[in-house]
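Going letter by letter, the sequence shown gives residues -19 to -1, 1 to 215 in mature numbering (1 follows the signal peptide of the UniProt record, and there is no 0).
Ideal Cβ positions, reconstructed from N, Cα and C, are used throughout, including at glycine.
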Amino acid sequence: MIAVWWLGLLYLLVSEVESYKILIFSPTYSHSHIHFQGSIADALVEGGHEVHILLQDYDPKETLNGSALAQKVTHYRPKYRTQFHETNFKKDAFDLTPFAFDFPTWEALKNTSVQFCRDMLSDERLMTSLKEERYDVGIAEGYTYCQFGIFHAVNIPTKIVSLAISMTENLADTWGIPSPKSYVVSEFKPRQRAKKEILANENSVKTFNSKVVSAGASATHSSKTTALILMEVS
């Protein structure tokens, strides 16, 4: 009987030790992205972890959070209206313009991401509350980098990148992952017909990412933050 009691206590202790407190960033790009992050949250909760979701309200009309089990769900809205409503896929769901060529949408996404980044980093109440939660793990989609700067600023030791689509070449390039164009499928180049268009699109995508990185770098007021973020999430 005593042996059974000790085994039960040992199980509880091990279960407690192996349980993590996890923060998931989930921008409301679309239903698919929200449900993707929400599914990760539910799987982790079922595994015995405590999971909180922070929804960045890119689309203020979005009411779903994608999760049925997350213990805490918080919405964060920007101080001013963003340009997200100007993206073509929000204005017209049946627009056939290839995303790779949709430079106005890239520009709107870039500006929206930078706006969210600046608002969140300057929100002392938000940053303090995140730090006080003492999260063990931070999970975010890797299309922009500010969230990883926030994870670093609020002392989250482990950072994980999630991607709801195949990895794009600009992300692979940023993280130092080999992506030879001779045999790795590209999200952006297959439909492009001219070298000029290819170069223009690559510059647009890299500008989109680098501007958000620079905004995220202010999280710790350090010129080394960008390099640190990229090393930790690779």
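Contact belief for residue i with residue j at Cβ below 8 Å, rounded distance in angstroms
i    : j    : result
T139 : T93  : Incorrect: roughly 27 Å between the Cβ atoms, too far for contact.
S160 : D154 : 7 Å
Extent of the continuous alpha helix (DSSP H) run through residue i
i    : result
I158 : First-last for I158: undefined, no H or E at that position.
G119 : Premise fails: G119 lies in the beta strand (DSSP E), 118 to 122, not in any alpha helix (DSSP H).
Boundaries of the beta strand (DSSP E) in which residue i is found, first to last residue
i           : result
S110        : Not the beta strand (DSSP E): S110 falls in the alpha helix (DSSP H), residues 105 to 114.
H133        : Premise fails: H133 lies in the alpha helix (DSSP H), 127 to 134, not in any beta strand (DSSP E).
residue 220 : Lying outside -19 to 215, the shown extent of the chain, residue 220 is not represented and no answer is given.
residue 236 : Summary: the structure shown does not reach residue 236, with the chain confined to residues -19 through 215, and so no result is reported for it.
Nearest candidate by alpha-carbon position, reference residue i, set the options
i     : options               : result
Q18   : H66, E150, I141       : I141
T109  : I131, L45, V118, D154 : I131
A51   : V32, K42, H66, P59    : V32
Y116  : K60, S143, H133       : H133
W156  : T125, L35, Y1, E114   : T125
Y57   : F6, N151, I120        : F6
H12   : T86, K162, G47, A89   : G47
S(-1) : W87, N151, H30        : H30
Contact with chain D by residue i, beta-carbon distance below 8 Å
i   : result
W87 : Protein chains in the displayed structure number just one, and chain D is not present.
Chain-order list of residues whose beta-carbon lies under 6 Å from that of residue i (same chain, five-residue window excluded)
i    : result
P8   : Q37, Y39
I120 : I5, I141, S143
8 Å CB neighbourhood of residue i in its chain, flanking five on each side removed
i    : result
K177 : At K177 the pLDDT is 42, less than 50, meaning the model places this residue with poor confidence and gives no usable figure here.
Chain-order list of residues whose beta-carbon lies under 7 Å from that of residue i (same chain, five-residue window excluded)
i   : result
P59 : Q96, F97, D100
P41 : R58
Distance cut-off 7 Å: residue i Cβ against heavy atoms of the ligand GTP
i   : result
P59 : With respect to the ligand GTP, the structure shown offers nothing to examine, as it has no ligands at all.
What are the start and end residues of each continuous beta strand (DSSP E) run of 3 or more residues lying completely inside the stretch 20 to 46, in chain order?
Whole beta strand (DSSP E) segments, 3+ residues: 31 to 37.
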